[in-house]
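**Q** Got a structure for you, questions after.
In UniProt numbering, the protein residues as written are 1 to 114.
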């Protein structure tokens, strides 16, 4: 977490021994340990809260996407119903009636015509 090596820990321990003294060093170490534990629990609690909120955001996003999908399904159903209604009113033969009659598609050359 802080990238503190063993030599740095020894240096901190020696400085703490000189500054605090041998009589109060165990009590100071205990208090420091309690503070470190509280900080770790606080950070862990914050991480859990953030993870829970992110999960809630994911759920909210999924619900929003479901709402959009439901609207699209409704539009698709309405379009399908309209198309079926049109097809039931007019058979396909009447819709494509012009295609059944063959047309002469060869061009007429005006110079060679009698």
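Idealized CB from N, CA, C, for every residue including glycine.
Can you list, in chain order, the stretches of the alpha helix (DSSP H) that have 4 or more residues and sit fully within the segment 3-35?
**A** 6-20, all fully within the segment 3-35.
**Q** Nearest-angstrom Cα distance between residue 11 and residue 39?
**A** Position 11 of the chain shown holds residue 11. Position 39 of the chain shown holds residue 39. Using only the alpha carbons, I get a separation of about 23 Å.
**Q** Once DSSP output is grouped into helix, strand and coil, what is the label at residue 74?
**A** Working through the chain shown from its first residue, we reach residue 74 at position 74. If DSSP states are grouped into helix, strand and coil, residue 74 belongs with the helices.
**Q** What does the alpha-carbon distance come out to for the pair residue 34 and residue 43?
**A** Working through the chain shown from its first residue, we reach residue 34 at position 34. Working through the chain shown from its first residue, we reach residue 43 at position 43. Going by the C-alpha atoms only, they are around 14 Å apart.
**Q** Report, in whole angstroms, the separation of the C-beta atoms of residue 28 and residue 16, which I expect to be a contact under 8 Å.
**A** As a working mapping, residue 28 is identified with position 28 in the chain shown. As a working mapping, residue 16 is identified with position 16 in the chain shown. Between residue 16 and residue 28 the Cβ distance is about 7 Å, and since that is below 8 Å, they are a contact.
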